[in-house]
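Colleague:
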Amino acid sequence: MMDLEVRCQELLNKLLMSEDYIRIADVAKENNISKRSAYYDLCKINDFLEANKIEEVRLERNKGIFLSQEQKDLIREILKEMPVQNDVFFSPSERAKIIICGIITSDRPLFIEDFMNFCQVSRNTIINDLKVVASKLVEYDLELNYETKSGYAILGNVIRSRALYFLYFPELAEFYRKKVLPVPYESKIIDNLEKLDYIEKTLDTKYVEETLQALANFIPIMEESEEELSFSDVDKNTITDSYEYKLVDRKFSHLRSNEKLYLTLHLLGSRLQALPFDLMNVDEDQEPYEIAKDLVSEFSRIACVEFDNNAEIERSLFVHLKSSLYRYRYGIQLGNPLIDEIKVQYPELFEITKKAVECITQRIGVPINDNEIAYLTLHFGAYITPNQNIEEMNILIVCPNGLSTGNMLRGEVSALVPYADRIDVISLSEFEEMKDKYTVVISTVMIENHPNSLLVHPILTDADRIMILKKCMRTTIKTQISVDDIFDVVKKYVDDNKLPSLREDIKRYVDSLNTIQYHPLKDNSKGIIDSLDEEDLIFIDDDMDWKQAIRVAAQPLLDEGAIETRYIDEIIQQTRLLGPYMFITDDVVLAHAKAEDGVNYLAFSMAVFEKEILFPKQKSAKLILVLAAEDQVKHLRILKDIMAIFSTPKYKQTILQATSFEEMTKYIEELVEE
């Protein structure tokens, strides 16, 4: 950045990314410098800002330094005008991914100085980044290793280390294309792209975005690799008989046989939705089915919801997981273009799904990334509906390529959205006559003037599937607002020459009212702090059995009329039948039953016990939370807060130390904000 030193650039970019104050002491500690040096860096930054006529960074007592949104916007505008090689700042997450991908694909040994050069940051920053890298690798049972002569290496299962490369490459692809990051084997990459393009055109297909570029960059590594690849649960004969393998064998004949299999797996996997699922042994089908059932059960337990159509959602997840498990194990990572939007719009649902997905991680031994969790979030979100009258979910498929292609699409959409009331296929010529009868229109050609239309490929890509799921989470609310009625009221106040435009504007507005995207954020749901009154929190010194403890913990909700006595009886009965399944962690029970078992409205209570409450199967609790959920939606923010608090053991201990309502709410506010 102009004349700013690297350390000053890092500090300025950290300020640009931060939503909170940054303490000078933390800056000094992170960079292993004195506070005086940190203040000196801040002065240099302010000189830079003054030169560009931007208000300087202010230091507030007991808070630290902070940039306003206006300052950030102005600084970013200045940075845009700088040359590409000087204005690229990598976030800590990006730097970790650059280091991992660099180690995996480098044509020479890499050392700290190389990473400093790649990322344009200081030695201390890279040392901290390497700690993050080592921690990330542990999640995949991999190890970061350093040798004096050979530099950094990643040790462990080859398939898993490669999986990380293909997971992270799409996020870094633009940097490689612009040569902001070094590109080893550049001449080979161009040749590989031409060969892969030939395969794509010969197969008359399209691959997931960035797939061919990632493969082109990685094939030189495959050429030189002496690592042994193992494909235990894939039918090699099926792969070698595929058209993809024959083309790989023709264009990349110099690769070892297992590397040809690996390359073919990527080509098959990146368009896996178009293939029959016979690449895996028939016996393996049982695994994704069992995982789908476990996932639905775990989500229901954590989210405190009961699905009326468990079989449908299990089938939908089974179809997805059958291909996903296959991809995970062989490093075929697909991006989710809506991940950031999903995290922002459905934060409660995303966090609950992420918690539920831990049961998959434990079972298959491979971490599930946020892209996949976002996809699964949409699956569950499609089955969680508010208490309101909604129009039927009718889907229309428009396919000018013929009814056979349309029927194939219908089969795919039916598996993806099994809760749809109706799915019909028509030709383009019939569309105008039929369009108003359907909630969602899915077409392989552009459809205009339909608010809920989607343009997809004849063979659905994963991006298509995500769009369909998201669109089908929308519910059409019938309103009594009439375009004509509004137009008649206001037209007398408007010049005649403006009437056509006025009518169009009114129509667009009414259309926007008639289509409302439902999600938990938009229902003004409450978190723990907003739901917990002083009467709802009790501290108990007495010794009692678990049945008494549940009744005591639920008594505040009974007293205020939120629940009926039969709700408490049902919680006790379910615990007798199923055991202590309501434990969300050691020492903590989240007691709940179905809404129809006696819930009058949403409410929440907490009971803290001085003496441990002994439950069946040698479980004990010191905290019982009682949740009365009136539907599948309004309590999700409370659950998000609960997970934020109790996902970390030290947070739980903090809560258990509270002895008053004031202390408890203070602790909860602090922990939820963290």
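Numbering-wise, the sequence shown is residues -9 to 664 according to my numbering.
The beta-carbon is built from N, C-alpha and C at its ideal position, and this holds for glycine as well.
Please read these numbers as outputs of a predicted model, since none were measured by experiment.
#1: So, are the CB atoms of Gly202 and Glu234 less than 8 Å apart?
#2: Look up Ser215 in the DSSP assignment and say whether it is helix, strand or coil.
#3: What is the DSSP secondary structure of Asn3, reduced to helix, strand or coil?
#4: Could you give the residue range of the beta strand (DSSP E) that holds Val431?
#5: Within the continuous alpha helix (DSSP H) that includes Leu646, where are the two ends?
#6: Run through DSSP, which three-state label would Ala410 get?
#7: Any idea what DSSP makes of Met383, helix, strand or coil?
#8: With contact counted as at least three CB pairs below 8 Å, one residue from each stretch, are the stretch 125 to 134 and the stretch 173 to 186 in contact?
#9: State yes or no: is the C-beta of Leu311 within less than 8 Å of the C-beta of Ala293?
#10: Looking only at its chain, what residues have a beta carbon closer than 7 Å to the beta carbon of Arg113, apart from the 5 residues adjacent to it on each side?
#11: Assuming the contact rule is C-beta atoms closer than 8 Å, Leu183 and Ala206 should be a hit. Round their C-beta distance to whole Å, please.
#12: Rounded to a whole number of angstroms, what is the C-alpha to C-alpha distance between Tyr188 and Phe156?
#13: May I have a chain-ordered list of the beta strand (DSSP E) segments no shorter than 3 residues that lie completely inside the stretch 272 to 319?
#14: Rank Ser491, Ile558, Leu57 by C-alpha distance to the C-alpha of Leu39 and give the top, closest one.
#15: Hey, quick one: how far does the alpha helix (DSSP H) through Lys191 stretch, first residue to last?
#16: So, at 8 Å on beta carbons, what are the nonlocal neighbours of Thr649 in its own chain, with the 5 sequence-adjacent residues on each side left out?
#17: Using the C-alpha atoms, what's the distance from Phe636 back to Gln643?
#18: Is Leu132 helix, strand or coil when you go by DSSP?
#19: In angstroms with no decimal places, state the Cα-to-Cα distance between Ile658 and Val17.
#20: Is the number of C-beta pairs between the stretch 471 to 487 and the stretch 406 to 415 that are closer than 8 Å three or more?
#21: How close, in whole Å, do the beta carbons of Ile603 and Ala539 come, if the pair is a contact with beta carbons under 8 Å?
#22: Hey, would you say Pro408 sits closer than 8 Å to Arg305, going by beta carbons?
#23: Whose C-beta lies closer than 7 Å to the C-beta of Phe651 among residues of the same chain, with five residues either side of it excluded?
#24: So, under 8 Å CB-CB, Glu554 and Gly517 are touching, yes? Tell me the CB distance rounded to an integer number of Å.
#25: Residues in the same chain with beta-carbon distance under 6 Å from Leu5, minus the five sequence neighbours each way, listed in chain order, please.
#26: Please look up how many angstroms separate the CB atoms of Ala277 and Leu245, rounded, as I've assumed it's under 8 Å.
#27: Return the first residue and the last residue of the alpha helix (DSSP H) that Thr138 is part of.
#28: Under DSSP, the beta strand (DSSP E) around Gly54 begins and ends at which residues?
#29: Using the rule of at least 16 other Cβ atoms within 10 Å of the residue's Cβ for burial, across every protein chain shown, is Lys427 buried or exposed?
#30: Spatial neighbours of Ala543 within its chain, please: CB distance less than 8 Å, with the 5 preceding and 5 following residues excluded, ordered by chain position.
#31: At which residues does the alpha helix (DSSP H) containing Val479 begin and terminate?
#32: Please report the straight-line C-alpha distance between Leu171 and Glu9, rounded to a whole angstrom.
#33: Please classify His509 as buried or exposed, where buried requires at least 16 neighbouring CB atoms within 10 angstroms.
#34: Buried or exposed, going by whether 16 or more other CB atoms sit within 10 Å of the CB of Tyr30?
#35: Flag this pair as yes or no: are the beta carbons of Ala585 and Ala634 separated by less than 8 Å?
#36: With C-beta atoms as the reference, is Ile342 less than 8 Å away from Ile350?
Modeller: With the given structure in hand:
#1: Sequence inspection shows Leu at residue 202; the Gly mentioned does not correspond to that position. No, the Cβ-Cβ distance between Leu202 and Glu234 is not below 8 Å.
#2: Ser215 sits in coil when the DSSP states are folded into three classes, being neither helix nor strand.
#3: helix
#4: 430 to 433
#5: 639 to 646
#6: Three-state result, Ala410: coil.
#7: coil
#8: no
#9: no
#10: In its chain, beyond the 5 residues on either side, Ile102, Met106 have a beta carbon closer than 7 Å to the beta carbon of Arg113.
#11: 4 Å
#12: Rounded to whole angstroms, the separation of the alpha carbons of Phe156 and Tyr188 is 21 Å.
#13: none
#14: Leu57
#15: 176 to 193
#16: Phe529
#17: 9 Å
#18: Leu132 sits in coil when the DSSP states are folded into three classes, being neither helix nor strand.
#19: Here the alpha carbons of Val17 and Ile658 stand approximately 28 Å from one another.
#20: no
#21: 4 Å
#22: yes
#23: Excluding positions up to five away in sequence, the list reads Glu524, Leu527.
#24: At roughly 25 Å, the Cβ-Cβ gap does not stay under 8 Å, so Glu554 and Gly517 are not in contact.
#25: For Leu5, where only same-chain residues beyond five positions count, the Cβ hits under 6 Å are Leu57.
#26: Reading off the sequence, residue 277 comes out as Glu, not Ala. The pair is not a contact, with the Cβ atoms about 30 Å apart (cut-off 8 Å).
#27: No alpha helix (DSSP H) contains Thr138, which DSSP labels as neither H nor E.
#28: 54 to 56 is the extent of the beta strand (DSSP E) around Gly54.
#29: exposed
#30: Answer for Ala543: Ile528, Ala581, Ser595, Met596, Ala597, Ile614, Leu615, Val616, listed in chain order.
#31: 473 to 480
#32: Going by the C-alpha atoms only, they are around 28 Å apart.
#33: Summary for His509: the model assigns pLDDT 39, below 50, so the residue's position carries little reliability, and this model does not support an answer.
#34: exposed
#35: no
#36: no
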